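Inspection log for the structure reproduced underneath, given as structure tokens.
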Amino acid sequence: MHAFVIDAPMAGRVQKVDEPQADDADVVVDVETVGLCGIEVELYAGTMPYLHQRLTTYPIRPGHEWAGTVRETGPDVTTVRPGDRVTADTFIGCGSCDRCQLGRHHLCVSRQEIGVRDGRPGALAERISVPAVAVHKIPDGMSATAGAFVEPASCALRAVRAADVAYGTTTLVLGTGTLGLLAAQFARALNGEVCVAGLIPGQLQLAERLGFTDVVRSDELDTRQFACVIEATGAASVPQQALWHVEPGGRIALLGVAPEMAVLDAGRLVLNDLAVVGVLGGSAFIDDAIDMLASGAVVVEPLVAATIGLDDVAGILERGCRIVGNDAPKIHVRPNDTAQG
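So the sequence shown is numbered by UniProt numbering: it starts at 1 and just counts up by one.
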């Protein structure tokens, strides 16, 4: 079959690779749609921290946001069957350590991350093999586009829950990329009073098209403060900005990961009785995210700038997943649309 493989920094191409196998507890899935995010851009550029930490090495087959249809199951699999539409958790723990036993497999020291860490091939291929324990069903009526948003949606939903958004809670979402616009929609669905702030004009306009009325440039927030702040930019200066815009006793959820160290004023944290929570993944919220996507409470189609084939992946990664004239934050790939042989 065909797959997109990164062999070295700035060197990726479509290659013929071995067909995945449905071993005892594995599931083989025909991939319908894959989302590209900053992780794929960093893996392609050679800047992803896991590379420097030797937690992943080239060659890498990326792709951790995806949806597809079960093709084959291993003999020990009882949870899904051929024809089921599915997605999967990115994080696969050892299953036996204390963290895994507590449901925190995303923090397992020995974890694999599909398409990201420790050699588990990702979904930028015609087919993918994943452990059944990581597989989650999606409704038959859910589009592949929505299915490929389940992974980032689960992260965004976890951040909203960590920020303690509830009915009438004033909530600031800093960032208008995929995670920010998803988090804003989840906060609204939970009846929070949401302000969306960013710097990219086209994405601010997209937030307005999604129905948000309190949309501002993040450098024009002045002295406004909110009970909950969700940081979803990945810029090193923004976590500190979040401190200035959260009310005393409020909560901040950090979704973005900056390439350099971000500094927080510990004195302000203590004297204002603030809680700051880091969010790595959304494993425990995958099924909730699926339900909310299926309900229509969160809309994802407007977030997609383009849908491409495998042959175009290298070019779009070289451009940082940006398309001139279109500020929608997400690129989707349909690996089987251009499959040959």
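We treat Cβ as the ideally placed atom computed from N, Cα and C, and that holds for glycine. Values in this document were obtained by computation on a predicted structure and should not be read as measured data.
Let me check understanding here. Comparing Cα to Cα, which of the options lies closest to residue i?
i    : options                   : result
N272 : G250, I290 and V263       : G250
L254 : E208, G192, A266 and V229 : V229
A159 : A314, R120 and A232       : A232
A22  : V109, G115 and I128       : I128
V215 : V196, L221, V14 and A146  : V196
P259 : A207, V238, P152 and R268 : V238
H136 : D222, V86, A266 and I331  : V86
G74  : G68, P82 and G296         : P82
T171 : T213, A189, A227 and L206 : A227
P335 : L51, A123 and C100        : A123
L181 : K16, V14, G202 and D265   : G202
Beta carbon of residue i: closer than 8 Å to some heavy atom of the ligand MG?
i   : result
L43 : The ligand MG is not part of the structure shown, which contains no ligands of any sort.
Which residue marks the beginning of the beta strand (DSSP E) containing residue i, and which one marks its end?
i    : result
G35  : D26 to L36
E193 : E193 to G198
C228 : F226 to E231
L172 : T170 to L174
F4   : H2 to A8
Ignore the nearest five residues each way along the sequence and tell me which others in residue i's own chain have a CB closer than 6 Å to its CB.
i    : result
L55  : R117
S283 : D89, F91 and H106
R268 : L243
A339 : Its pLDDT being 44, under 50, A339 is placed unreliably in this model, and the value from its coordinates should be taken loosely. Excluding residues within five positions, the ones whose Cβ falls inside 6 Å are H2 and E126.
M48  : E42
Excluding five sequence neighbours on each side, which residues of the same chain lie with their C-beta closer than 7 Å to the C-beta of residue i?
i    : result
E40  : P62 and L317
P9   : A45 and G46
P20  : V28, R127, I128 and S129
E301 : T145
V80  : V27, V70, T73, V86, A132, V135 and K137
D24  : G74, P75 and D76
H221 : The sequence given here places Leu at residue 221; His does not occur at that position. So the qualifying residues of the chain are A197 and H245.
D164 : C228 and R251
Could you give the residue range of the alpha helix (DSSP H) that holds residue i?
i    : result
L204 : P201 to R209
H64  : Here H64 belongs to no alpha helix (DSSP H), and DSSP marks it neither H nor E.
S129 : Here S129 belongs to no alpha helix (DSSP H); instead the beta strand (DSSP E) covers R127 to P131.
Q241 : V238 to W244
V150 : V150 to A162
I290 : I286 to S295
Which word fits residue i, buried or exposed, when buried means at least 16 other C-beta atoms lie within 10 angstroms of its C-beta?
i    : result
R209 : exposed
I323 : exposed
V34  : buried
R120 : buried
D219 : exposed
Y330 : Residue identity check: residue 330 is Lys in the sequence provided, not Tyr. When all chains shown are included, K330 counts as buried.
L102 : exposed
Q185 : buried
Taking CB distances under 9 Å as the criterion, tell me whether residue i reaches chain B.
i   : result
G35 : The structure shown has no chain B; it contains just one protein chain.
Less than 8 Å between the CB atoms is what I'm expecting for residue i and residue j, so what's the real figure, rounded?
i    : j    : result
G234 : V263 : The Cβ separation is near 15 Å, so there is no contact.
S154 : A289 : 4 Å
L206 : R217 : In fact, because the Cβ distance is near 14 Å, the residues do not count as touching under 8 Å.
Give me, in chain order, the residues of the same chain whose beta-carbon lies closer than 8 Å to that of residue i; leave out the 5 immediate sequence neighbours on both sides.
i    : result
A294 : I138, P139, G141, M142 and A146
A162 : R251, A253, V277 and V279
Q240 : A262, V263, L264 and D265
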